[in-house]
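> In terms of the numbering used here, the sequence shown opens at residue 115 and continues consecutively.
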Amino acid sequence: MADSVLFQRILTHFPYEPSPEQRSAMEALAEFLNPDSRQRVFILRGYAGTGKTSLVAALVRALHDAGREAFLMAPTGRAAKVMAGYSGTAARTIHKQIYAVVPRSGGGMSFILRPNKSKNAVFLVDEASMLTDRTGDSLTDASSSLLDDLVSYVFHAPGSRLILVGDRAQLPPVGYEDSPALEGRTFENGYGLYCTEIDLTRVYRQSEQSAILQNATRVRQAMESGATLPWGSLKFRTGSDFIRLEDGYDIQSAIEGAYSQEGLSETILITRSNKRAGAFNAQIRSRVLLSEGEIASGDLLMVVKNNYFWVDENSPCGFIANGDLAEVMSVRREIELYGMRFARVELSLTDYPQMPKFEALILLDTLYSQAPALPEERSRAFFEQVMLDYEDLPPHKRFEALAKNEYYNAIQVKFGYAVTCHKAQGGGWDNVLIEQVWMPEPKLSREYLRWLYTAITRARKRVYLIGFPDEFFE
Numbered sequence: 115m116a117d118s119v120l121f122q123r124i125l126t127h128f129p130y131e132p133s134p135e136q137r138s139a140m141e142a143l144a145e146f147l148n149p150d151s152r153q154r155v156f157i158l159r160g161y162a163g164t165g166k167t168s169l170v171a172a173l174v175r176a177l178h179d180a181g182r183e184a185f186l187m188a189p190t191g192r193a194a195k196v197m198a199g200y201s202g203t204a205a206r207t208i209h210k211q212i213y214a215v216v217p218r219s220g221g222g223m224s225f226i227l228r229p230n231k232s233k234n235a236v237f238l239v240d241e242a243s244m245l246t247d248r249t250g251d252s253l254t255d256a257s258s259s260l261l262d263d264l265v266s267y268v269f270h271a272p273g274s275r276l277i278l279v280g281d282r283a284q285l286p287p288v289g290y291e292d293s294p295a296l297e298g299r300t301f302e303n304g305y306g307l308y309c310t311e312i313d314l315t316r317v318y319r320q321s322e323q324s325a326i327l328q329n330a331t332r333v334r335q336a337m338e339s340g341a342t343l344p345w346g347s348l349k350f351r352t353g354s355d356f357i358r359l360e361d362g363y364d365i366q367s368a369i370e371g372a373y374s375q376e377g378l379s380e381t382i383l384i385t386r387s388n389k390r391a392g393a394f395n396a397q398i399r400s401r402v403l404l405s406e407g408e409i410a411s412g413d414l415l416m417v418v419k420n421n422y423f424w425v426d427e428n429s430p431c432g433f434i435a436n437g438d439l440a441e442v443m444s445v446r447r448e449i450e451l452y453g454m455r456f457a458r459v460e461l462s463l464t465d466y467p468q469m470p471k472f473e474a475l476i477l478l479d480t481l482y483s484q485a486p487a488l489p490e491e492r493s494r495a496f497f498e499q500v501m502l503d504y505e506d507l508p509p510h511k512r513f514e515a516l517a518k519n520e521y522y523n524a525i526q527v528k529f530g531y532a533v534t535c536h537k538a539q540g541g542g543w544d545n546v547l548i549e550q551v552w553m554p555e556p557k558l559s560r561e562y563l564r565w566l567y568t569a570i571t572r573a574r575k576r577v578y579l580i581g582f583p584d585e586f587f588e
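(1) Buried or exposed for L475, please, with buried defined as at least 16 other CB atoms from any protein chain shown within 10 angstroms of its CB.
(2) Can you tell which of G163, V333, N545, Y290 has the C-alpha that lies nearest to the C-alpha of F587?
(3) Rounded to the nearest angstrom, what separates L158 and G412 at their Cα positions?
(4) Check whether the Cβ atoms of N421 and I525 lie closer than 8 Å to each other.
(5) Tell me the DSSP bridge mates of L278?
(6) Could you tell me the boundaries of the alpha helix (DSSP H) in which C535 lies?
(7) Along the chain, where does the beta strand (DSSP E) that runs through N545 open and close?
(8) How many Å lie between I226 and I208 at the Cα?
(9) Nearest to A283 by alpha carbon, out of E241, G298, R574, L439?
(10) Pull up the DSSP beta-bridge partners for Y578, would you.
(11) Is the number of C-beta pairs between the segment 364-384 and the segment 538-545 that are closer than 8 Å three or more?
(12) So for N329, helix, strand or coil by DSSP?
(13) Mind checking S201: buried by the 16 CB within 10 Å criterion, or exposed?
(14) For A474, which residues does DSSP report across the bridge?
(15) According to DSSP, is T385 helix, strand or coil?
(16) Quick one, which of Y318, D247, F237 has its alpha-carbon nearest H270's?
(17) If I follow the unbroken beta strand (DSSP E) through S324, where does it start and stop?
(18) If you measure between the beta carbons of L547 and A368, is that distance less than 8 Å?
(19) State the Cα-Cα distance for the pair A396 and A538, rounded to the nearest angstrom.
(20) Just to confirm the assignment, what range does the beta strand (DSSP E) spanning E450 have?
(21) Write down the C-beta distance between V268 and N230 rounded to the nearest angstrom, noting that I regard them as a contact closer than 8 Å.
(22) In angstroms with no decimal places, state the Cα-to-Cα distance between M187 and V317.
(23) Can you tell me whether S324 is buried or exposed? The criterion is at least 16 other CB atoms within 10 Å of its CB, across all chains shown.
(24) With 16 other CB atoms within 10 Å as the buried threshold, where does D355 fall?
(25) Does the pairing of the segment 162-182 with the segment 286-300 give three or more beta-carbon distances under 8 Å?
(26) Could you work out which residue in G181, E135, G160 is closest to R123 when comparing CA atoms only?
(27) Measuring alpha carbon to alpha carbon, tell me which of R401, A391, R492 ends up nearest K528.
(28) Kindly indicate the opening and closing residues of the alpha helix (DSSP H) around Q122.
(29) Excluding the 5 residues flanking F301 on each side, which residues of the same chain have their C-beta closer than 7 Å to its C-beta?
(30) Go to V417, then tell me how far its alpha helix (DSSP H) extends in each direction, as first and last residue.
(31) Across which residues does DSSP place R206 in a beta bridge pair?
(32) Can you say whether L451 is buried or exposed, counting buried as having 16 or more other CB atoms within 10 angstroms of its CB?
(33) With a threshold of 8 Å on Cβ separation, who are the neighbours of R228 within its own chain once the five nearest residues in sequence on each side are excluded?
(34) Contact defined as beta carbons within less than 8 Å: I believe L481 pairs with E408. What is the distance between those atoms, to the nearest angstrom?
(35) Rounded to whole angstroms, what is the Cα-Cα separation between D263 and D426?
(36) What does the Cβ neighbour count give for P287, buried or exposed, with the cut at 16 atoms within 10 Å?
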């Protein structure tokens, strides 16, 4: 039975008259959160423009009014920032919420699962399409997954409820056909948890004015046909917020204008490969930003591997995560050591404005590499070079020294002006430029359409299309 008081509170905080579909979702949430309910997991799936974020924001405010604890989480720092923005409530990364760092006996640090001491609390996870149940993704146990750890953490305390929010049309995690955290069977079969599933499918948000949403909906509808579609079957409507760029001059002008109006951190270029992202990053630095040298003050960087060395575990971010964006505030000096190249820089994490600037070493070798991060063979050679410094130490002391070596713990980064779509997922930018990919045959596969939908829905204000042929336009 639905909690009528909670339902009315959600309704009060909803910013407009709800549709029948949205009203049904409110009733389902109120019923799910009734203390007598047997349901433990609620999955709210909704496409772009269906009112999903408005509903979550209304729920968070309703829970606050009711005096019930609500904890907001997302897979990445940028996604947590977006969630905090629309809900008006602080949000953390999942890692920051559920893990604690403890010293390791041989030196360095390891992670343990925090105890959940909040009885009857509600845990909301946005961008849940990014979560995996892949063994080895856990930070505590090689035989567990991040989803295992999330479930263990949440249901450690009695009366807990878990709400997962996401868009089924977005890219699933790498290596998956679908997103496991958006499927009720994952929780019922894998964890024995009763689950409620609700879908929001009708697009409302600015649907008549926004070419971004209209075109995202067209892509999603094409994808839902389930078949590989012929070239030319998807048509975009251009407008002031959905712009076709036809040549190199248009591209440079659009990037310069976006940087001028909203800034570097509110503009992203999305492409299909690390190689193409690297090429665009180099061109943007040389032609638009007129940067000199390998690294310069003002450069925007994206972290490509988790790093636990340079920030305190009690800081707002807890650690520097794969996908975090950082601005270079100053470059102190460049160093060559252990067969690698480093720069000592002062950084500011753009998604954590409350954090002070900090000094760190970054690894220059990953900046221009076509690999996602430092390749395995180079990592091994790097490790062996550093360990030569500690040959005279007992074996257990060597690893303790390695864990404290700031060069070995340098942050792996790439430039953050152009990224792959998986790196952009979970974030939102005012301006999104999307490069059409080379295709071996002119067909629209479900995988490609999912990629395109995810890229388009990263944009808040404007989408710019690069290299899309005439067949894509009305």
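Cβ coordinates follow ideal geometry from the N, Cα and C atoms, glycine included.
Taking the definition as stated:
(1) buried
(2) V333
(3) Those two C-alpha atoms are separated by around 39 Å.
(4) yes
(5) I157, V239
(6) First-last of the alpha helix (DSSP H) with C535: 535-538.
(7) Counted as a single uninterrupted DSSP element, the beta strand (DSSP E) harbouring N545 occupies residues 543-549.
(8) 13 Å
(9) E241
(10) Beta-bridge pairing links Y578 to I357, L547.
(11) yes
(12) DSSP, read as helix, strand or coil, puts N329 in helix.
(13) buried
(14) V459
(15) strand
(16) F237
(17) It is not in any beta strand (DSSP E) - S324 carries neither H nor E in the DSSP assignment.
(18) yes
(19) 18 Å
(20) Per DSSP, E450 belongs to the beta strand (DSSP E) from 439-451.
(21) 6 Å
(22) For the pair M187 and V317, the Cα-to-Cα distance works out to about 25 Å.
(23) buried
(24) D355 should be labelled buried.
(25) no
(26) G181
(27) A391
(28) Start and end: 118-127.
(29) V155, L307, C309
(30) Taken as a continuous stretch (DSSP letters only), V417 belongs to no alpha helix (DSSP H), being part of the beta strand (DSSP E) at 414-417.
(31) M187.
(32) exposed
(33) Q211, I212, Y213, A214, Y267
(34) 7 Å
(35) Counting only the Cα atoms, D426 lies some 22 Å from D263.
(36) buried
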